[in-house]
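A.B. asks: Got a structure for you, questions after.
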Amino acid sequence: MSFAVSLSALLIPYALAIVFFMIFAAFNIHHLMRYGATTRVSYIITFIFLSGSVLLLFISWQMLGGVDWSQQMTFGTPFSDGSIPQL
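This is the structure we're talking about:
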């Protein structure tokens, strides 16, 4: 018995992970700006964090853009064609 799942089903957990990251990043930025020291170093660290996040999201977008999400992944018995002799 085998079944097929579309590759686009993998985007749901990935999108949830991105949403959670964005929420926690917003909390971090808010707390850093609200309660952190407003020094030059804190602004530089905030800029580095935001730049790194944007860079990772851009790279992710570029890498995922080249995938054919309509492809099917088939799961099941790998030797269902009788290639292994019965004992």
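Numbered according to our numbering, the sequence shown spans residues 29 to 115.
Backbone N, C-alpha and C define an ideal beta-carbon position, used for all residues, glycine too.
Would you tell me roughly how many angstroms separate the C-alpha atoms of S98 and I40, rounded to the nearest one?
C.D. replies: Each residue's alpha carbon lies about 14 Å from the other.
A.B. asks: Along the chain, where does the alpha helix (DSSP H) containing V95 start, and where does it finish?
C.D. replies: No alpha helix (DSSP H) holds V95; DSSP gives it neither H nor E.
A.B. asks: Rounded to a whole number of angstroms, what is the C-alpha to C-alpha distance between A65 and V95?
C.D. replies: If you take the alpha carbons of A65 and V95, they lie about 44 Å apart.
A.B. asks: When the Cα atoms are used, what is the spatial distance from L85 to G104?
C.D. replies: Roughly 34 Å separates the two Cα atoms.
A.B. asks: Assuming S32 is part of the beta strand (DSSP E), what are its boundary residues?
C.D. replies: Residue 32 is actually Ala in this sequence, not Ser. Note, A32: beta strand (DSSP E), S30 to S34.
A.B. asks: Can you tell me where the beta strand (DSSP E) holding T102 begins and where it ends?
C.D. replies: Taken as a continuous stretch (DSSP letters only), the beta strand (DSSP E) holding T102 covers Q100 to G104.
A.B. asks: Who are the near neighbours of I57 in its chain, counting only those whose CB is closer than 7 Å to its CB and skipping five residues on each side?
C.D. replies: Here the set comprises T74.
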